[in-house]
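Peer 1: Supplied in structure tokens, the structure appears directly below.
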Amino acid sequence: MIDLRNLVRSTGFRFALYYTVAFVISVAAIGWLVEVAVSDALRGQVRSWADGEIGALVDEFVHGGRADLDAALAGRLQRGEVRRHYAIIETDGRITGDASLASFKTKAETRAQEFEDIGADRSSRTVVAVAQTLGDGTRLIVIDDLSGVRAVRAMIRRVFGMALLASAVLGVALGALLSGAFLRRVDAINRTAEAIIAGDLGRRIDVGGTKDDFDRLARTLNRMLDRISGLIENVRQVSNDIAHDLRTPLTRLQHGLQQAASRPSTEADFRKAIDRATAEIGEILDVFSGLLRIAQIEAGARRAGFRSVDLSSTLRTVAEAYAPAIEDSDRRLVCSIEDRVFVKGDRELLTQLFSNLCENGLQHTPAGATIDVKLSATAGRAEITFTDDGPGIPPEEREKVFRRFYRVDKSRGAVGNGLGLTLVGAVAELHDAPIVLSDNAPGLRVTIVLAALPDGLQPGR
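Sequential numbering of the sequence shown, starting at 1, is according to UniProt numbering.
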């Protein structure tokens with residue numbers, strides 16, 4: 001049930017009320033303009049009629065004398081038009097026609113004008129009067145009452161008044177309906193937010209399927225919540241992994257120092273204990289250095305320093321650097337690198353990316369494995385692939401290996417700190433380069449795609 005107070009206070013209701021007030025004011029203004037325009041037009045018609053009517057009667061007098069004028073006047077009086085009045089005021093003061101027009105003998109002019117006429121019963125009316133002095137000294141007066149104009153104006157006011165009332169009622173009703181619909185959607189979002197605040201991180205906003213603004217907002221918020229949930233889960237995983245990864249070297253460090261301190265030892269024994277402690281501390285510092293480096297890369301500040309990089313030369317240098325270690329470990333390195341492939345990026349970070357992938361292949365493939373490195377460029381795309389015929393990574397684990405400290409080997413017995421592929425993913429994302437892990441059947445295939453620079457932007461061309 002929607003609270004009436006919340007309904008009235010809602011933004012949707014206020015906007016509907018504002019629009020209703022604006023619409024009512026607009027209709028009122030239009031009604032006033034229509035009334036003025038119609039009234040002026042009707043008044044003009046009445047004045048034109050009065051001027052034309054007295055002109056016709058004067059013509060009767062000029063061409064036929066008083067007899068024709070009296071006959072024309074009698075014919076008009078017999079029609080019994082209640083709004084129109086005629087009178088002839090004789091030179092001796094006698095009145096032929098409507099005797100009530102005597103007051104207009106002096107104030108009516110030769111052009112039709114409006115006058116306020118006060119009747120014997122003190123009632124007021126607005127009339128259009130015109131008078132003409134004839135050749136025999138008599139005064140001819142023609143009057144038309146404007147009561148018809150007043151009736152039309154009253155009708156216009158009634159019509160627009162009803163329209164205003166209907167508009168106001170309809171506007172408020174529609175505002176209440178729309179606000180109720182909006183409030184239901186907003187309340188659903190609020191309830192979901194409150195549930196998430198209370199700890200139900202898996203709750204999501206219902207998407208109605210109408211594809212309106214609220215549906216788009218719900219989808220965006222749900223994606224945001226999914227991202228936040230993933231980050232929270234990642235933080236939890238990182239916290240657990242840091243505890244596991246640091247506990248072992250810290251335990252060894254503590255145990256070694258306790259042993260060195262608890263039993264008599266020679267200077268050489270103390271030096272050995274210090275060297276072991278220094279190595280353990282170095283291992284811990286390497287973990288934190290890796291975390292800081294990944295955080296700096298993810299911050300994106302290095303993107304401002306992107307330059308044209310000879311990807312062919314960079315990849316070939318890394319492969320040549322790792323070739324001796326790979327061959328000494330009874331593995332084989334095969335390279336197929338296309339010449340003069342240039343991209344925009346950070347050479348140092350790309351070198352680190354390729355080094356980590358070579359290191360990953362060296363550490364996680366058995367003796368006798370083949371590591372294949374390829375670079376090709378087609379249609380503005382530079383594609384780098386690292387493949388091996390080792391054990392590979394299960395499909396359900398491939399997205400997770402880019403997390404900090406994540407290891408496929410849950411025993412954590414493998415060499416490394418679980419940050420190598422995390423750094424690879426961070427560098428690839430910094431360069432807007434999609435990275436895909438797939439099955440090499442057997443082994444692992446890592447594919448990275450960078451935007452290759454056109455020939456005109458490559459150095460030396």
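Where is the CB? At the ideal position from N, CA and C, for every residue including glycine.
Please classify valine 280: is it buried, with 16 or more other beta-carbons within 10 angstroms of its beta-carbon, or exposed?
Peer 2: Position 280 of the sequence shown holds residue 280. Contrary to the premise, residue 280 reads as glutamate rather than valine in this sequence. Glutamate 280 comes out buried.
Peer 1: When you compare the region 294–303 with the region 311–327, are there three or more beta-carbon pairs, one atom per stretch, that lie closer than 8 Å?
Peer 2: At 8 Å Cβ cutoff, the stretches do not touch.
Peer 1: One question on the structure: do arginine 83 and serine 39 come within less than 8 Å of each other, judged by their Cβ atoms?
Peer 2: One-based indexing of the sequence shown puts residue 83 at position 83. One-based indexing of the sequence shown puts residue 39 at position 39. Cβ distance not < 8 Å, so arginine 83 and serine 39 don't count as in contact.
Peer 1: Can you tell which of Phe342, Phe15 and Arg407 has the C-alpha that lies nearest to the C-alpha of histidine 364?
Peer 2: Within the sequence shown, numbered from 1, the residue matching residue 364 stands at position 364. It is Arg407 whose Cα lies nearest to the Cα of histidine 364.
Peer 1: To the nearest angstrom, report how far apart valine 287 and proline 249 are at their CA atoms.
Peer 2: What you label residue 287 is simply residue 287 of the sequence shown in a count that begins at 1. What you label residue 249 is simply residue 249 of the sequence shown in a count that begins at 1. One C-alpha to the other measures close to 11 Å.
Peer 1: Using the rule of at least 16 other Cβ atoms within 10 Å of the residue's Cβ for burial, across every protein chain shown, is leucine 349 buried or exposed?
Peer 2: For the purposes of this step, residue 349 is taken as the residue at position 349 of the sequence shown. Leucine 349 comes out buried.
Peer 1: With distances taken between CB atoms, is the gap from leucine 437 to arginine 398 smaller than 8 Å?
Peer 2: Taking the first residue of the sequence shown as 1, we reach residue 437 at position 437. Taking the first residue of the sequence shown as 1, we reach residue 398 at position 398. Contact flag set, yes.
Peer 1: So what's tyrosine 19 in DSSP terms, helix, strand or just coil?
Peer 2: As a working mapping, residue 19 is identified with position 19 in the sequence shown. Residue state, collapsed to three classes: helix.
Peer 1: In whole angstroms, give me the CA-to-CA distance for alanine 260 and alanine 268.
Peer 2: In the sequence shown, residue 260 corresponds to position 260, counting from 1. In the sequence shown, residue 268 corresponds to position 268, counting from 1. Each residue's alpha carbon lies about 11 Å from the other.
Peer 1: Just the C-alpha distance for arginine 412 and arginine 252, rounded to the nearest angstrom, thanks.
Peer 2: Numbered from 1 along the sequence shown, position 412 holds the residue referred to as residue 412. Numbered from 1 along the sequence shown, position 252 holds the residue referred to as residue 252. Note that arginine 412 has pLDDT 49, beneath the 50 cutoff, so the model's placement of it is unreliable and no number is given.
Peer 1: Which runs of the alpha helix (DSSP H) fall wholly inside the region 313–355 and span at least 4 residues, in chain order?
Peer 2: Correct list: empty.
Peer 1: According to DSSP, what are the bridge partners of glycine 97?
Peer 2: Counting from one through the sequence shown, the residue named residue 97 turns up at place 97. Answer is Ala87, bridged to glycine 97.
Peer 1: Kindly indicate which residue of Asp226, Leu375 and Gly300 has the alpha-carbon position closest to the one of glutamate 383.
Peer 2: Counting from 1 along the sequence shown, the entry for residue 383 is found at position 383. It is Leu375.
Peer 1: Can you round the beta-carbon distance between valine 334 and leucine 450 to whole angstroms, since I take them to be within the 8 Å contact cut?
Peer 2: For the purposes of this step, residue 334 is identified with residue 334 of the sequence shown, where counting begins at 1. For the purposes of this step, residue 450 is identified with residue 450 of the sequence shown, where counting begins at 1. Actually they are not in contact, since the Cβ atoms of valine 334 and leucine 450 sit about 21 Å apart, beyond 8 Å.
Peer 1: Are the CB atoms of residue 523 and threonine 422 nearer to each other than 8 Å?
Peer 2: Residue 523 lies beyond the range of the chain shown here (1 to 461); nothing can be said about it.
Peer 1: Determine the closest residue to serine 336 out of Val401, Gly256 and Glu320, with distance taken between C-alpha atoms.
Peer 2: To locate residue 336, count along the sequence shown from 1; it is residue 336. Closest by alpha carbon: Glu320.
Peer 1: Flag this pair as yes or no: are the beta carbons of aspartate 68 and glutamate 60 separated by less than 8 Å?
Peer 2: Within the sequence shown, residue 68 is the residue found at index 68, counting from 1. Within the sequence shown, residue 60 is the residue found at index 60, counting from 1. Yes.
Peer 1: Around the C-beta of arginine 263, are 16 or more other C-beta atoms found within 10 angstroms, so that it is buried, or is it exposed?
Peer 2: As a working mapping, residue 263 is identified with position 263 in the sequence shown. Answer is exposed; the Cβ neighbour count stays below 16.
Peer 1: Within 10 Å of its beta-carbon, does glycine 460 have 16 or more other beta-carbons around it, so buried, or fewer, so exposed?
Peer 2: As a first step, residue 460 is located in the sequence shown; it is residue number 460 there, counting from the start. Here glycine 460 scores only 49 on pLDDT, less than 50, and its place in the model should not be relied on; the value that follows carries that caveat. Label assigned to glycine 460: exposed.
Peer 1: What separation, rounded to the nearest whole angstrom, lies between the Cα atoms of glycine 368 and valine 309?
Peer 2: Mapped onto the sequence shown, residue 368 falls at position 368. Mapped onto the sequence shown, residue 309 falls at position 309. Going by the C-alpha atoms only, they are around 33 Å apart.
Peer 1: Are the region 16–32 and the region 186–200 touching, with three or more C-beta to C-beta distances below 8 Å?
Peer 2: Result no; under three Cβ-Cβ pairs closer than 8 Å.
Peer 1: Taking all protein chains shown into account, decide if phenylalanine 270 is buried (16 or more other Cβ within 10 angstroms of its Cβ) or exposed.
Peer 2: For the purposes of this step, residue 270 is identified with residue 270 of the sequence shown, where counting begins at 1. When all chains shown are included, phenylalanine 270 counts as exposed.
Peer 1: Do you know whose CA, among Ser48, Asn222 and Ile196, lies nearest valine 207's CA?
Peer 2: Indexing the sequence shown from 1 puts residue 207 at position 207. Per the Cα distances, Asn222.
Peer 1: Out of Gln113, Leu170 and Asp330, state which residue places its alpha-carbon closest to the alpha-carbon of isoleucine 143.
Peer 2: Your numbering for residue 143 matches position 143 in the sequence shown. With distances taken between Cα atoms, isoleucine 143 lies closest to Gln113.
Peer 1: What does DSSP give as the partner residues of phenylalanine 386 in its beta bridges?
Peer 2: In the sequence shown, residue 386 corresponds to position 386, counting from 1. Phenylalanine 386 pairs with Val373 and Val446.
Peer 1: Going by other Cβ atoms of all chains shown within 10 Å of its Cβ, with 16 needed for buried, is asparagine 240 buried or exposed?
Peer 2: Working through the sequence shown from its first residue, we reach residue 240 at position 240. Under this definition asparagine 240 is an exposed residue.
Peer 1: Which whole-angstrom value describes the C-beta separation of phenylalanine 160 and valine 36, a residue pair presumed to lie in contact below a C-beta threshold of 8 Å?
Peer 2: What you label residue 160 is simply residue 160 of the sequence shown in a count that begins at 1. What you label residue 36 is simply residue 36 of the sequence shown in a count that begins at 1. So it is not a contact: roughly 12 Å between Cβ atoms.
Peer 1: Which one of Leu311, Ala379 and Arg340 has the shortest CA to CA distance from aspartate 346?
Peer 2: As a position in the sequence shown, residue 346 is number 346, starting the count at 1. Out of Leu311, Ala379 and Arg340, Leu311 has the C-alpha closest to the C-alpha of aspartate 346.
Peer 1: So which of Asp136, Asp70, Leu430 and Gly75 has the shortest CA-CA distance to glycine 305?
Peer 2: Translated into the one-based positions of the sequence shown, residue 305 becomes position 305. Answer by Cα proximity: Leu430.
Peer 1: Taking the alpha helix (DSSP H) that aspartate 439 belongs to, which residues open and close that run?
Peer 2: For the purposes of this step, residue 439 is identified with residue 439 of the sequence shown, where counting begins at 1. It is not in any alpha helix (DSSP H) - aspartate 439 instead sits in the beta strand (DSSP E) that spans 435–439.
Peer 1: Looking only at DSSP bridge pairs, what is threonine 378 linked to?
Peer 2: Walking along the sequence shown from the start, residue 378 turns up at place 378. The partner list for threonine 378 (beta bridge, DSSP) reads Arg381.
Peer 1: With H, G and I counted as helix, E and B as strand and the rest as coil, what does DSSP make of threonine 210?
Peer 2: Along the sequence shown, read from residue 1 onward, the residue named residue 210 stands at position 210. Three-state result, threonine 210: coil.
Peer 1: Within 10 Å of its beta-carbon, does glycine 456 have 16 or more other beta-carbons around it, so buried, or fewer, so exposed?
Peer 2: Taking the sequence shown and counting its residues from 1, the one referred to as residue 456 is at position 456. Caution is warranted here: a pLDDT of 45 is assigned to glycine 456, below 50, making its placement in the model unreliable, and no coordinate value can be reported.
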